[in-house]
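>
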Amino acid sequence: MKRLFLAIKILPTDNFMDVYSSLKNELKHEKIKWVEPYNLHLTLKFFGETEDEKIDSIIEKISESVSRTEQFSFEVEEIGIFGSSYNPKVLWAGISCSKNIINLENLISEGLSEIGYVKDRQNFVPHLTLGRIKYLSDKTLFQSIADDYKNEYFQEQKVSELYLFESILKKEGPQYSIVKSFPLR
Numbered sequence: 006m007k008r009l010f011l012a013i014k015i016l017p018t019d020n021f022m023d024v025y026s027s028l029k030n031e032l033k034h035e036k037i038k039w040v041e042p043y044n045l046h047l048t049l050k051f052f053g054e055t056e057d058e059k060i061d062s063i064i065e066k067i068s069e070s071v072s073r074t075e076q077f078s079f080e081v082e083e084i085g086i087f088g089s090s091y092n093p094k095v096l097w098a099g100i101s102c103s104k105n106i107i108n109l110e111n112l113i114s115e116g117l118s119e120i121g122y123v124k125d126r127q128n129f130v131p132h133l134t135l136g137r138i139k140y141l142s143d144k145t146l147f148q149s150i151a152d153d154y155k156n157e158y159f160q161e162q163k164v165s166e167l168y169l170f171e172s173i174l175k176k177e178g179p180q181y182s183i184v185k186s187f188p189l190r
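Converting from the sequence shown to the working numbering requires adding 5 to each position, the first position being numbered 1.
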């Protein structure tokens, strides 16, 4: 069994790291588990614990979908939260020009449905998780800081391939290893 997910790897630019570091610094008084920059990614499909004998058919369906997809770019900008302002759970960076990502996710989901992977009921919201909120000592200050970064520009990201990752959960945080890469046309 392997814990798998399909994603676009994000290679942070200097500007991304400047904004990310500034945000982390302003929120250093809060208990947030920040995503390590080398682990930043945009998840297209989370498979979870997957039996080894299913991996080849997953790879085949992803390959079929990706072979019809042209390379594209998107912008990483703005800050948002999942959860309510009273109980925020995740701090994320948004994606603009996300039509290509949504089309790609739909194409992949259609292919995977043929082998029993049903599309999630929730709408797909392209985003980069920056941090998971464990506890906030001052929710008003947190919201104010998040609002200050609401329209922040991080970077442009070119997408030339996707990755099927294995996620190994460790005490110090997840470790990702590439199972297979899928180049776009």
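Glycine is no exception: its CB is placed at the ideal position from the N, C-alpha and C atoms.
Could you have a look at Y25 and say whether DSSP puts it in helix, strand or coil?
By 1-based counting over the sequence shown, the position of residue 25 is 20. Reduced to three states, the DSSP call for Y25 is helix.
> Which class does K144 belong to by DSSP, given the choice of helix, strand or coil?
Position 139 of the sequence shown holds residue 144. Helix.
> Going by Cα to Cα distance, which pick from E41, Q76, L11 and E80 is closest to E54?
Taking the sequence shown and counting its residues from 1, the one referred to as residue 54 is at position 49. It is L11.
> Would DSSP call Y43 helix, strand or coil?
Within the sequence shown, numbered from 1, the residue matching residue 43 stands at position 38. Three-state DSSP puts Y43 in a helix.
> Taking the C-alpha atoms as reference points, what is the distance between S114 and Y140?
The residue given as residue 114 occupies position 109 in the sequence shown. The residue given as residue 140 occupies position 135 in the sequence shown. Whole-angstrom Cα-Cα distance: 34 angstroms.
> Which two residues bound the contiguous alpha helix (DSSP H) that contains K33?
Locating residue 33 in the sequence shown gives position 28, counting from the first residue. Counting along the chain, K33 falls outside any alpha helix (DSSP H), and DSSP gives it neither H nor E.
> Thinking just about the alpha-carbon of each residue, which of E82, K7, L9 and M6 is nearest to the one in K155?
Translated into positions along the sequence shown, residue 155 becomes position 150. Of the candidates E82, K7, L9 and M6, the one whose C-alpha sits nearest the C-alpha of K155 is E82.
> From W97 to H132, what does the alpha carbon distance come to, in whole angstroms?
Translated into positions along the sequence shown, residue 97 becomes position 92. Translated into positions along the sequence shown, residue 132 becomes position 127. So the two alpha carbons sit approximately 6 angstroms from each other.
> Mind the definition here: the stretch 13–22 touches the stretch 143–155 only if three or more C-beta pairs lie below 8 angstroms; say whether that holds.
At 8 angstroms Cβ cutoff, the stretches do not touch.
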